[in-house]
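First up is the structure itself, then whatever we jot down about it.
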Amino acid sequence: MVWKFMPTFLFLVLLMTAFMSFSHGTQDVYPTFLTTYAKLQPSTVGAIGVLYGFGSILGGFVFGTLSEKWGRKRAIMTAALLAIPVIPLWAYGHSAAMLGAGAVLMQFMVQGAWGVVPAYLTELSPAPVRATAPGLAYQLGGLVTSWNGKAQALAAERWGNYPLVLAVTVVVVALTLAGLALLGREAKGQDMSAV
Numbered sequence: 079m080v081w082k083f084m085p086t087f088l089f090l091v092l093l094m095t096a097f098m099s100f101s102h103g104t105q106d107v108y109p110t111f112l113t114t115y116a117k118l119q120p121s122t123v124g125a126i127g128v129l130y131g132f133g134s135i136l137g138g139f140v141f142g143t144l145s146e147k148w149g150r151k152r153a154i155m156t157a158a159l160l161a162i163p164v165i166p167l168w169a170y171g172h173s174a175a176m177l178g179a180g181a182v183l184m185q186f187m188v189q190g191a192w193g194v195v196p197a198y199l200t201e202l203s204p205a206p207v208r209a210t211a212p213g214l215a216y217q218l219g220g221l222v223t224s225w226n227g228k229a230q231a232l233a234a235e236r237w238g239n240y241p242l243v244l245a246v247t248v249v250v251v252a253l254t255l256a257g258l259a260l261l262g263r264e265a266k267g268q269d270m271s272a273v
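Residue numbering for the sequence shown follows the working numbering, beginning at 79 and increasing consecutively.
The structure is reproduced here in structure tokens:
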């Protein structure tokens, strides 16, 4: 049983790597970008962080709920792809208000995609490994993408262009995440006792 699950488990690790890259790629260096590139005051950066925290909670709730109606794959793909049109506000906004609005919308989409993760990982894991496989896939995905923040900071320093590094990160990761979700199996509504 465990060996039959291995291809699905590797898929889950890849999926979680993309998810981790999506969240950490939009959050970890964003405060640095706001202070060093956008030249915002720490109090303004803190306020933006609080606001996008609320956006992330709302996004997780909305897309998690929509996944019950649309299916897990469609909810993940929609949230991931809707992050791309937010890039101009989020990375290229010319004021604190524009950057703040972009950050709220970005985290609404990023954490919207994440709102589906608990159900999706559980539904894709067969009963004998359901207690360990989701957590292990989550942690391995985090391990694989642990370089993300440092790589973004180094690229921004090297090229002197934080907005471009942030924008490229979102485009690449959002497309990767949507593509992986497309390749995955829909699991919404299945009988969990039969899996």
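We put the beta carbon where it would ideally sit given N, CA and C, even for glycine.
For clarity, every value in this text was computed on a predicted model and none was experimentally measured.
> According to DSSP, is threonine 104 helix, strand or coil?
Replying inline: The three-state secondary structure of threonine 104, taken from DSSP, is helix.
> Is there contact between the region 232-240 and the region 142-157, where contact requires at least three CB pairs shorter than 8 Å?
Replying inline: By the Cβ rule, the region 232-240 does not count as touching the region 142-157, because fewer than three pairs are nearer than 8 Å.
>> Can you tell me whether serine 145 is helix, strand or coil according to DSSP?
In response: Helix at serine 145.
>> Using C-beta distances below 8 Å, list every residue in its chain close to glycine 257, excluding the 5 sequence neighbours before and after it, in chain order.
In response: Excluding sequence neighbours, glycine 257 sits near nothing in its chain.
> Roughly how far, in whole angstroms, is the beta-carbon of glycine 227 from the beta-carbon of aspartate 106, given that I think they are within contact range, below 8 Å?
Replying inline: Contact holds; Cβ gap of about 4 Å.
> lysine 228 lies in the alpha helix (DSSP H); which residues open and close that run?
Replying inline: For lysine 228, the enclosing alpha helix (DSSP H) begins and ends at 226-237.
>> Between the alpha carbons of leucine 112 and phenylalanine 89, how many angstroms are there, rounded?
In response: When rounded, the distance between both Cα atoms is 35 Å.
>> The alpha helix (DSSP H) that contains glycine 190, what's its start and end?
In response: From DSSP, the alpha helix (DSSP H) with glycine 190 extends over 174-192.
> Can you tell me whether histidine 172 is buried or exposed, with buried defined as 16 or more other CB within 10 angstroms of its CB?
Replying inline: Exposed: under 16 other Cβ atoms inside 10 Å.
> With respect to the alpha helix (DSSP H) encompassing isoleucine 165, which residues constitute its N-terminal and C-terminal limits?
Replying inline: Element bounds for isoleucine 165: 165-170.
> Near valine 182, what residues of its chain come up, given a Cβ to Cβ distance below 6 Å and the 5 sequence neighbours on each side ignored?
Replying inline: Closer than 6 Å at the Cβ level, and outside the excluded window around valine 182, lie Leu129, Tyr130, Gly133.
> With distances taken between CB atoms, is the gap from proline 204 to phenylalanine 83 smaller than 7 Å?
Replying inline: In this structure, proline 204 sits near phenylalanine 83, with a CB-CB distance shorter than 7 Å.
>> Does the structure place the region 161-176 close enough to the region 207-224 that three or more beta carbon pairs sit under 8 Å?
In response: Segments in contact, no.
> Under a three-way DSSP split, which group does glutamate 201 fall into?
Replying inline: The answer is helix: DSSP assigns glutamate 201 an H, G or I state.
>> Rounded to the nearest angstrom, what separates alanine 209 and alanine 259 at their Cα positions?
In response: Answer to the nearest angstrom: the Cα atoms are 22 Å apart.
> Taking C-alpha atoms, which residue in Gly142, Ala169, Leu167 lies nearest to valine 156?
Replying inline: The amino acid occupying residue 156 in the given sequence is threonine; valine does not appear at that position. The shortest CA-to-CA distance from threonine 156 to any of Gly142, Ala169, Leu167 is the one to Gly142.
> On the three-state DSSP scale, how would you describe arginine 208?
Replying inline: In the three-state scheme derived from DSSP, where H, G and I count as helix and E and B as strand, arginine 208 is classed as coil.
> How long is the line joining the alpha carbons of threonine 200 and glycine 193, rounded to whole angstroms?
Replying inline: Their Cα atoms are separated by approximately 13 Å.
>> Considering Cα atoms alone, identify which of Thr254, Phe186, Glu264 is closest to threonine 95.
In response: The residue from Thr254, Phe186, Glu264 with its alpha-carbon nearest to that of threonine 95 is Thr254.
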